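So the structure is just underneath, and the comments pick up after that.
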Amino acid sequence: MATSPPEDRPGGGGVAAGGAEDLAELDQLLRQRPSGAMPSEIKALEFSEGLAPGKKQRLSKKLRRKLQMWLWSQTFCPVLYAWNDLGSRFWPRYVKVGSCFSKRSCSVPEGMVCKPSKSVHLTVLRWRCQRRGGQRCGWIPIQYPIISECKCSC
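Each number in the numbering used here comes from the position in the sequence shown (counting from 1) with 28 added on.
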């Protein structure tokens, strides 16, 4: 939240003003380094499908970890934050809002995209004036939703 316009800093904040080159660079960066804990579904994968039938073969820990990391980097859905101007009637005027990065597919095979899965509500104040019986003005609280988590879905 901010009461004055946020500063535009190179390498900081959001992607709101970036062009196609910035998005391609961001996509490359995000594919390489997922953040947070690895999802339990990916962690539990054994990768035993497609191996010779009848033989009990196991992948090395290193190869299994590399496959898990590759799959995670292809399927994770980051939340991107950017400043949003709510206008002069709101306090704070500027709020950092989240959005899901949906410029690429987040599934193998392709077809699914990142969509919001969780949100939090921020209370902002809106200035409102009523003209009934004289002009009365005051602040009213508004619940403003902000995306906090994205998930890969249809």
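Heads up, the beta-carbon is just placed ideally off N, CA and C, and yes, glycines get one too. Computed from a prediction, not measured in an experiment: that's the story for all the values here.
In this structure, DSSP gives Leu114 a state outside helix and strand, which the three-state scheme calls coil.
Cα atoms of Leu87 and Ser76: separation of roughly 8 Å, rounded to the nearest angstrom.
Sequence-distant partners of Lys124 (beyond 5 residues in either direction) whose C-beta falls short of 6 Å from its own C-beta, in its chain, are Tyr109 and Trp111. Between the alpha carbons of Pro173 and Ala72 lies a distance of about 33 Å. Judged by beta-carbon spacing, Ser176 lies within the 7 Å limit of Lys146, meaning their Cβ atoms are closer than that value. Under the three-state reduction of DSSP, Leu99 is assigned to helix. By the Cβ test, the region 158-167 is not in contact with the region 120-136, since fewer than three Cβ pairs between them sit closer than 8 Å. Exclusion of the five residues before and after Val136 leaves Leu99, Gln102 and Thr103 as the residues of its chain whose Cβ lies within less than 8 Å of its Cβ.
Taking the Cα of Arg92 as reference, the smallest distance to any Cα among Arg154, Glu74, Pro120 and Leu150 is reached at Glu74.
Around the CB of Cys128, 16 or more other CB atoms lie within 10 Å, so the residue is classed as buried. DSSP lists Lys146 as the bridge partner or partners of Glu177. Distances from the alpha-carbon of Arg156 to those of Asp113, Leu114, Ile168 and Glu35 put Ile168 closest. Assignment of Lys71 by DSSP, reduced to helix, strand and coil, places it in the helix class. Going by DSSP, Ser127 is part of the beta strand (DSSP E) stretching over Tyr122 to Cys128.
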